[in-house]
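J.: Got a structure for you, written out below as structure tokens; questions coming shortly.
Numbering (the working numbering), first residue to last: 2 to 69.
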């Protein structure tokens, strides 16, 4: 099973997960709404990553999943 994580990234500061969704359409809708309300500078934004549930990711600090 795959889920879609919406991740808020700030340049030079890090990132945090702001939403997890079961399908891409819901994740994309949330991303657009979140960006419109929360993003205040060109150095921050959100990305969507497709992540497999029940999979061990070896390099968690370099990002997990596949950006879509």
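Glycine residues also receive a C-beta, built at the ideal position from the N, C-alpha and C atoms.
Since we're looking at a predicted model, the values are computed, not measured.
Checking the sheet assignment: what are the DSSP bridge partners for residue 7?
T.: As a position in the chain shown, residue 7 is number 6, starting the count at 1. DSSP, once it has assigned bridges, lists 20, 49 as partnering residue 7.
J.: Keeping to the same chain, check which residues put their C-beta closer than 7 Å to that of residue 48; ignore five residues upstream and five downstream.
T.: For the purposes of this step, residue 48 is taken as residue 47 along the chain shown, with counting starting at 1. Cβ within range, chain order: 8, 10, 68.
J.: Considering only DSSP beta bridges, list what residue 15 is partnered with.
T.: Here residue 15 refers to the residue found at position 14 of the chain shown. Paired residue(s): 11.
J.: Between which two residues does the alpha helix (DSSP H) carrying residue 30 extend?
T.: As a position in the chain shown, residue 30 is number 29, starting the count at 1. Element bounds for residue 30: 25 to 39.
J.: Between which residues of its own chain and residue 1 is the CB-CB distance below 6 Å, once the five residues before and five after are set aside?
T.: The requested residue 1 does not occur in the structure, where the chain is confined to residues 2 to 69.
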